[in-house]
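J.:
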Amino acid sequence: CAQAAGVRIVRTTRCADGWLQPREGDEFPALALSPVKARLALMLDLLGR
160 CAQAAGVRIV RTTRCADGWL QPREGDEFPA LALSPVKARL ALMLDLLGR
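Next up, the structure:
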């Protein structure tokens with residue numbers, strides 16, 4: 160699993176009416192973000208580390 164190897168994983172959806180259900184082990188929740196906003200948030204998070 161990529162996440163177990165230390166790769167940051169962000170799950171999101173492009174569906175207008177769809178929501179992701181959180182999974183156990185989700186380190187970076189992006190439930191209310193569009194894919195574009197989630198990508199930007201992940202990049203900013205990685206730059207801040």
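According to the working numbering, the sequence shown is numbered sequentially starting from 160.
Virtual Cβ for every residue (Gly too), placed ideally from N, Cα, C.
Grouping DSSP H, G and I as helix and E and B as strand, with all else coil, what is Arg198?
T.: If you number the sequence shown from 1, residue 198 lands on position 39. If DSSP states are grouped into helix, strand and coil, Arg198 belongs with the helices.
J.: Straight-line CA distance for Ala191 to Ile168?
T.: As a working note, residue 191 is residue 32 in the sequence shown. As a working note, residue 168 is residue 9 in the sequence shown. Between Ala191 and Ile168, the C-alpha separation is close to 16 Å.
J.: Select from Ala163, Cys160 and Trp178 the residue whose C-alpha is nearest the C-alpha of Pro194.
T.: Residue numbering aside, residue 194 sits at position 35 when the sequence shown is read from its first letter. Comparing Cα-Cα distances from Pro194 to each of Ala163, Cys160 and Trp178, the minimum goes to Trp178.
J.: Around the C-beta of Ala163, are 16 or more other C-beta atoms found within 10 angstroms, so that it is buried, or is it exposed?
T.: By one-based count along the sequence shown, residue 163 stands at place 4. Counting C-beta atoms within 10 angstroms of its own C-beta, Ala163 has fewer than 16 neighbours from the protein chains shown and is therefore classed as exposed.
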